[in-house]
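Asks: Sequential numbering from 1 applies to the sequence shown in the UniProt record's numbering. Beta carbons are placed, not taken as given, at the ideal position from N, Cα and C, and that holds for glycine.
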Amino acid sequence: MVMVRVRDHRFLNLKLSPIQAPTIIPPYRLPIVAATKASATVSSCASNTFSIANLDRINVLGSGNGGTVFKVKDKTTSEIYALKKVKENIDSTSPGREIEILRMVNSPYVVKCHDIFQNPSGEVSILMEYMNLGTLESLSGVSENQLALMARQVLEGLNYLHEHKIVHRDIKPANLLRSSKEEVKIADFGVSKIVVKSFNKCNSFVGTYAYMSPERLDSEADGVTEEDKSNVYAGDIWSFGLTMLEILVGYYPMLPQGQKPDQAAIICAVCFGEPPKAPEECSTELKSFIDCCLRKKARERWTASQLLNHPFLLHQE
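1) Could you tell me whether any non-hydrogen atom of the ligand PLP is closer than 6 Å to the CB of I126?
2) Quick check on A40: buried or exposed, where buried means 16 or more other Cβ atoms within 10 Å of its Cβ?
3) Do the region 174-182 and the region 130-142 touch if we need at least three Cβ pairs shorter than 8 Å?
4) Just mark Q306 as buried or exposed, buried being the case when its beta carbon has 16 or more other beta carbons within 10 Å.
5) Select from F272, D115, S230 and P275 the residue whose C-alpha is nearest the C-alpha of Q74.
6) Buried or exposed for L30, going by 16 or more other Cβ atoms inside 10 Å?
7) Check each candidate in K181, K185 and H162 and name the one with the smallest Cα separation from S192.
8) Is C113 helix, strand or coil when you go by DSSP?
9) Taking T284 as part of the alpha helix (DSSP H), name the residues at either end of that continuous run.
10) My guess is that K172 and S239 are in contact by the Cβ rule of under 8 Å, so how many angstroms apart are they, rounded?
11) Would you kindly work out how many angstroms separate the C-alpha atoms of P256 and V249, rounded to a whole number?
12) How about C271 and P214: are their beta carbons less than 7 Å apart?
13) Does the beta-carbon distance from L61 to K71 come in below 7 Å?
14) Once the 5 residues before and after I101 are set aside, which same chain residues still bring their CB inside 8 Å of it?
15) Note down, in chain order, each residue of its chain lying with its Cβ closer than 6 Å to the Cβ of R152, except the 5 sequence neighbours on either side.
16) To which residues does DSSP link L245 through a beta bridge?
17) In the DSSP assignment, find the unbroken beta strand (DSSP E) run with V69 in it and report its ends.
18) Count the other CB atoms, across all protein chains shown, that sit within 10 Å of the CB of A38; report buried if there are 16 or more and exposed otherwise.
19) Can P276 and P253 be called in contact, C-beta distance under 7 Å?
20) Rounding to the nearest angstrom, what Cα-Cα distance links G141 and T225 in this structure?
21) DSSP three-state label for A82, please.
22) Could you give the first and the last residue of the continuous alpha helix (DSSP H) run that contains S305?
23) If K185 sits next to Y109, beta carbons under 8 Å apart, how far is it from one beta carbon to the other, in whole angstroms?
24) Contact defined as beta carbons within less than 8 Å: I believe V69 pairs with A53. What is the distance between those atoms, to the nearest angstrom?
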């Protein structure tokens, strides 16, 4: 009998965007950003060089519980961008949290925020870098060299975020974007969190449950220690490893190929089953790389910094 307590579920279809779950964020500021409360009036994360009235909508790129993303064109420069219109009826802390993080980050491995707009009614729109090949959802059966190229970039992004005490909490194929320049970048910080205290725990049930680590799905399970709960970044590594393996094999790897990925089956597989492994025909280095990401105990998973020096990535250069 499955004893995992599940709330605010992310029902599959695995491709659905996550539900925004309520999260209480205490007031804080980190020294790398100007002192501004997340709930305050939104200012530009660039330098007010854009006007939302100057942006023509071309088509919808995607839509989910967090809002709708449009492909837009600047009338003056003809440059293409992605404009995320944040839903007004979601939890009020979520837009503020995402905006706060977007204003902080500055990495070539994270989708760039160009500007943030807020109209008098409080509606928020975020102007972002346009990644012309979309998400990694459509990828499958990639070579080891291709996987290493993508994995290295995602890990660079995760390492940057973790060094700045940001935990993403929803790494999955739909939140990794790629371009024709062979760039892969992390996107969507709608359920991300800035770690403000050393004793923050990882047992918040936000994100997409199919990609959650065992200790996040069931933080009270036997064998989950306080050290595991406090290792907030290890959940991102599990999600990353699962995502890379899915891109490699072409199907959700926690379940046998062809099995319907329903909620109960996924929770049983993650919490009580053995972690998936790379196919037998893969190189020894790739098998080890996936194993270092998908260890049941959070304290045994490698960090993003350690994985960047793994032989799989070093040998694929």
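Replies: By the coordinates alone:
1) Summarising the ligand content, the structure contains no ligands, and the ligand PLP is consequently not present.
2) For A40, the predicted structure reports a pLDDT of 32, less than 50, and the residue's modelled location is therefore unreliable. The matter cannot be settled from this model.
3) Pairwise C-beta distances place the region 174-182 in contact with the region 130-142, as three or more of them are shorter than 8 Å.
4) Exposed, by the Cβ-count rule.
5) Residue 74 is actually Asp in this sequence, not Gln. Distances from the CA of D74 to each of F272, D115, S230 and P275 were compared; the closest alpha carbon is that of D115.
6) At L30, the pLDDT of 26 sits below 50, so the modelled position is not reliable and the matter cannot be decided from this model.
7) Checking every option, the nearest Cα to that of S192 belongs to H162.
8) Annotated three-state conformation of C113 is strand, per DSSP.
9) For T284, the enclosing alpha helix (DSSP H) starts and ends at T284 to C293.
10) Correct: roughly 6 Å between the Cβ atoms.
11) Distance from the CA of P256 to the CA of V249, rounded to the nearest whole angstrom, comes to 11 Å.
12) Yes; because the gap between Cβ atoms is below 7 Å, this pair is in contact.
13) Contact flag set, yes.
14) The answer, listed in chain order, is I166, F189, S192 and I194.
15) L313.
16) None; L245 has no bridge partner.
17) Residues G67 to D74.
18) Summary for A38: the model assigns pLDDT 32, below 50, so the residue's position carries little reliability; its value from the coordinates is reported in the next sentence. Buried: at least 16 other Cβ atoms inside 10 Å.
19) Result yes, Cβ atoms of P276 and P253 sit closer than 7 Å.
20) Here the C-alpha atom of G141 lies approximately 36 Å from the C-alpha atom of T225.
21) When secondary structure is reduced to three states using DSSP, A82 falls in the strand class.
22) Here the alpha helix (DSSP H) through S305 covers A304 to L307.
23) Contact flag correct, Cβ pair sits at about 6 Å.
24) At roughly 19 Å, the Cβ-Cβ gap does not stay under 8 Å, so V69 and A53 are not in contact.
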